[in-house]
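Chains as they are written, first to last, in the working numbering: chain A, 1 to 294; chain B, 295 to 588.
As structure tokens, this is what we get:
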């Protein structure tokens, strides 16, 4: 099977792990993408529950936050990411999504520590590369791929100094494709004038490790993180991006990850039903159409 | 004189043209960047008032909105932009800032007409290139440079399908550098991993036509357009961008353009005083330091 729809639990933040698994299975899906905070009884227990429901884990969200400029912050990030790698391995997913972190000057926005004067984005990117190099051997040992996620530039200050797919591929380049991949999230990259070329490059380089779909809504939500929308409700052209992803050789699960106040708080069964319909209508035909050409 | 500070009237939206001119002159500035809606008595009258106060116009904001997919919308855009070119010429500024427009699907967000189903960003970019080619001869005749502005990708859907400086330079490439230039606005481009290389390219290609400074604030404002901040209040590293701009050979005026609810509504004299101080502290030293090296 190709292009199997997966619920990323960021879409249903009010559900426990058990509830999310149940809803996903009841909706007839085969995959679920898990956030780490749901692993309250440990990754092994979660793996058993997922498997018992006949599901597979498409990815674990998330590792990252690698931009600390002080030794203590860097050591803490390595410890935390090694734990995330172990959890991904235990869950039987090869894919650990990495949100690389923002500027030290903006760390306080997400409740962290950091140097309020440090706005050097180039230096922050350098530290991401350094920490990544330190994590790769541990990930490879555990047969887990660190999957770099380019975030929309509106999050460059506080969440990720990694803003484009090409930049993610450049960051991945020194490492084996089996250890460092990239994910295409439509919300984050739809605007990029180099997108179709970069997706093709990700395919050629063997690094296309995930495809996440959701829409880009306007107006931008009061909490900017929650501007993501159900496919079809915003301004993303899913046909062209999906075609490019399939033409690049991707056949894996497709996660729906939507942070959106209304969707997050509605009945999860409605969310799952709607995302199945929209996926079938707006995304899957272009994935399959392209697939038949290659 | 190089790097002269200029008030872009977007920073003081409550002032009439006369008031903006008076405040700018009283603050000891030499330049003012005008928005078209201030030209209520025509461009010639505005030119006289600016000149009588001993000021020069650094740029006219703005032309653009070139993405209409229907013939009537395209004709209207050409008419409107020809008028803007005439006004820029009358004002004695060679620089007409161009915000190219968003997707037809999002035109309604800014009160325009458009096809709610048309989310094809590649096609929209193609229409921008087509309209630009139609406007260039008229701009050249009037000795006005069409100055392409890459907008932050958070505005890609509704305001500009032009999101990076490299993309602006690619769009400009078919035309003479005297007729099509680019502007660097720190808010819009600070996050771009290709920024320093793209600024150098703009210099090499003779297209660096303007430098606008303001900060990138967090959280993103409820009206996302108003997330711009006074230099130093947000997350932009003005030193590195300013150095790159000066090293690329730019010596022209530097506009401060801030859409921000608090700043826009405070006493304009305070705004001008603060922007002078922050410019002297955070921007000018890096422009001058780099300038001495070239």
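We put the CB at the ideal spot given by N, CA and C, even for glycine. The structure displayed is predicted, hence computed values, not measured ones.
Beta-carbon within less than 7 Å of residue 129 of chain A's beta-carbon, same chain only, minus the 5 sequence neighbours each way: which residues are those?
What you label residue 129 of chain A is simply residue 129 of the first chain in a count that begins at 1. Same-chain partners within the cutoff: 171.
Using the Cα positions of residue 117 of chain A and residue 359 of chain B, report the straight-line distance between them to the nearest angstrom.
Here residue 117 of chain A refers to the residue found at position 117 when the first chain is read from its first residue. Here residue 359 of chain B refers to the residue found at position 65 when the second chain is read from its first residue. Spanning the two alpha carbons is a distance of roughly 38 Å.
I need the straight-line Cα distance from residue 565 of chain B to residue 556 of chain B, nearest angstrom please.
The residue given as residue 565 of chain B occupies position 271 in the second chain. The residue given as residue 556 of chain B occupies position 262 in the second chain. For residue 565 of chain B and residue 556 of chain B, the distance between alpha carbons rounds to 10 Å.
Mind checking whether residue 550 of chain B and residue 504 of chain B have CB atoms under 8 Å apart?
In the second chain, residue 550 of chain B corresponds to position 256, counting from 1. In the second chain, residue 504 of chain B corresponds to position 210, counting from 1. The answer is no: Cβ separation not under 8 Å.
Note down, one range per segment and in chain order, each alpha helix (DSSP H) of at least 4 residues found wholly within the stretch 330 to 399 of chain B.
337 to 346, 365 to 384
Which chain A residues sit within Cβ distance under 7 Å of residue 325 of chain B?
As a first step, residue 325 of chain B must be located in the second chain, where it is residue number 31. Result: empty, since nearest Cβ-Cβ is about 27 Å, beyond 7 Å.
Residue from B:477, B:554, B:524, B:485 with nearest C-alpha to residue 515 of chain B
By 1-based counting over the second chain, the position of residue 515 of chain B is 221. Checking every option, the nearest Cα to that of residue 515 of chain B belongs to B:554.
Which residue marks the beginning of the alpha helix (DSSP H) containing residue 443 of chain B, and which one marks its end?
Position 149 of the second chain, counting from 1, holds the residue named residue 443 of chain B. Careful: residue 443 of chain B lies outside any alpha helix (DSSP H), inside the beta strand (DSSP E) at 439 to 443.
Short of 6 Å in beta carbon distance, which residues of its chain neighbour residue 63 of chain A, apart from the five on each side in sequence? Order them along the chain.
Indexing the first chain from 1 puts residue 63 of chain A at position 63. Result list for residue 63 of chain A: 81, 84, 96, 98, in chain order.
So, is the C-beta of residue 220 of chain A closer than 8 Å to a C-beta in chain B?
Within the first chain, residue 220 of chain A is the residue found at index 220, counting from 1. Yes, contact with chain B.
Skipping 5 residues on each side, what residues in its chain have a beta carbon closer than 8 Å to that of residue 588 of chain B?
Position 294 of the second chain, counted from the first residue, corresponds to residue 588 of chain B. Low confidence applies to residue 588 of chain B: its pLDDT is 45, below 50, so where it sits in the model is not reliable enough to give any reading.
Check residue 313 of chain B in the structure and name its three-state DSSP category.
Position 19 of the second chain holds residue 313 of chain B. Correct three-state label for residue 313 of chain B: helix.
Where residue 507 of chain B and residue 346 of chain B are concerned, what is the direct C-alpha to C-alpha distance, given to the nearest angstrom?
One-based indexing of the second chain puts residue 507 of chain B at position 213. One-based indexing of the second chain puts residue 346 of chain B at position 52. When rounded, the distance between both Cα atoms is 26 Å.
Evaluate residue 23 of chain A with the Cβ neighbour count: other Cβ atoms within 10 Å of its Cβ, from every protein chain shown; 16 or more gives buried, anything less gives exposed.
Position 23 of the first chain, counted from the start, is the residue given in the question as residue 23 of chain A. With 16 or more Cβ atoms within 10 Å of its Cβ, residue 23 of chain A is classed as buried.
What does a CB cutoff of less than 7 Å around residue 93 of chain A pick up in its chain, not counting 5 residues either side in sequence?
The residue given as residue 93 of chain A occupies position 93 in the first chain. Cβ within range, chain order: 57, 58, 59, 60.
DSSP on residue 257 of chain A, reduced to helix/strand/coil?
Translated into the one-based positions of the first chain, residue 257 of chain A becomes position 257. The answer is coil: DSSP assigns residue 257 of chain A none of H, G, I, E or B.
Where the beta strand (DSSP E) through residue 209 of chain A begins and ends
For the purposes of this step, residue 209 of chain A is identified with residue 209 of the first chain, where counting begins at 1. Looking at the DSSP string, the run of the beta strand (DSSP E) that includes residue 209 of chain A is 208 to 213.
For residue 103 of chain A and chain B, any beta-carbon pair shorter than 8 Å?
Locating residue 103 of chain A in the first chain gives position 103, where the first residue counts as 1. Closer than 8 Å to some Cβ of chain B, the Cβ of residue 103 of chain A qualifies, so yes.
Tell me, to the nearest whole angstrom, how far the beta carbon of residue 183 of chain A is from that of residue 102 of chain A; I am working on the premise that it is less than 8 Å.
Within the first chain, the letter at position 183 stands for residue 183 of chain A. Within the first chain, the letter at position 102 stands for residue 102 of chain A. In fact, because the Cβ distance is near 18 Å, the residues do not count as touching under 8 Å.
Residues of the stretch 427 to 449 of chain B in Cβ contact with chain A at a cutoff of 8 Å, in chain order, please.
446, 447, 448
Using a Cβ-Cβ distance cut-off of 8 Å, determine whether residue 122 of chain A contacts chain B.
Taking the first chain and counting its residues from 1, the one referred to as residue 122 of chain A is at position 122. Residue 122 of chain A counts as touching chain B.
According to DSSP, what are the bridge partners of residue 6 of chain A?
Within the first chain, numbered from 1, the residue matching residue 6 of chain A stands at position 6. Paired residue(s): A:31, A:255.
Name the chain A residues that come within less than 7 Å of residue 458 of chain B, Cβ to Cβ?
By one-based count along the second chain, residue 458 of chain B stands at place 164. Within 7 Å Cβ-Cβ: 193.
Chain A contact for residue 529 of chain B (CB, 8 Å cutoff):
Your numbering for residue 529 of chain B matches position 235 in the second chain. Taking Cβ atoms only, chain A reaches closer than 8 Å to residue 529 of chain B, which makes this a yes.
For residue 328 of chain A, the first and last residue of its enclosing alpha helix (DSSP H)
Residue 328 of chain A lies beyond the stretch modelled for chain A, which goes from 1 to 294, so this question has no answer here.
Taking Cβ to Cβ, would you say residue 177 of chain A is nearer than 8 Å to residue 207 of chain A?
Locating residue 177 of chain A in the first chain gives position 177, where the first residue counts as 1. Locating residue 207 of chain A in the first chain gives position 207, where the first residue counts as 1. Cβ distance < 8 Å, so residue 177 of chain A and residue 207 of chain A count as in contact.
For residue 527 of chain B, report the span of its alpha helix (DSSP H) as first-last.
Within the second chain, residue 527 of chain B is the residue found at index 233, counting from 1. It is not in any alpha helix (DSSP H) - residue 527 of chain B carries neither H nor E in the DSSP assignment.
Chain A contact residues for residue 452 of chain B, given Cβ-Cβ distances below 7 Å
As a working note, residue 452 of chain B is residue 158 in the second chain. By Cβ distance, chain A contributes 218.
For residue 274 of chain A, which of A:3, A:7, A:1 has the nearest alpha-carbon?
In the first chain, counting from the first residue as 1, residue 274 of chain A sits at position 274. Closest option to residue 274 of chain A, Cα to Cα, is A:7.
Could you check the C-alpha separation between residue 459 of chain B and residue 29 of chain A for me, to the nearest Å?
Residue mapping note: residue 459 of chain B aligns to position 165 of the second chain, counting from 1. Residue mapping note: residue 29 of chain A aligns to position 29 of the first chain, counting from 1. Rounded to the nearest angstrom, the two C-alpha atoms are 42 Å apart.
For residue 9 of chain A and residue 298 of chain B, I'd like the C-alpha separation in whole angstroms.
Locating residue 9 of chain A in the first chain gives position 9, where the first residue counts as 1. Locating residue 298 of chain B in the second chain gives position 4, where the first residue counts as 1. Distance between the alpha carbons of residue 9 of chain A and residue 298 of chain B is about 52 Å.
What is the rounded straight-line gap between the Cα of residue 624 of chain B and the Cα of residue 373 of chain B?
The question about residue 624 of chain B has no answer, for chain B in this structure spans 295 to 588.
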